[in-house]
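Numbering (this note's numbering), first residue to last: 14 to 62.
Using N, Cα and C, we set each Cβ at its ideal position, and we do this for glycine too.
As the structure is a computational prediction, the values presented were derived from the model and not from experiment.
Structure (structure tokens):
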């Protein structure tokens, strides 16, 4: 019983880690354009001032 529980826990940990990495990659991809827009706005404001 203990061995099966350990295997299940390992599977759950691996699945959670993979899901977290996918979510992190997705958020980075979504934030990349927003960061670019913010940087362009900052550059424009600096050049104007």
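| Asked | Found |
| --- | --- |
| Near the ligand NAP: residue 36 beta-carbon under 7 Å from a heavy atom | For the structure depicted, the ligand NAP is absent and the ligand set is empty, with no information on it obtainable. |
| Rounded C-alpha distance that separates residue 34 from residue 45 | 16 Å |
| Local conformation of residue 58 per DSSP, three classes | helix |
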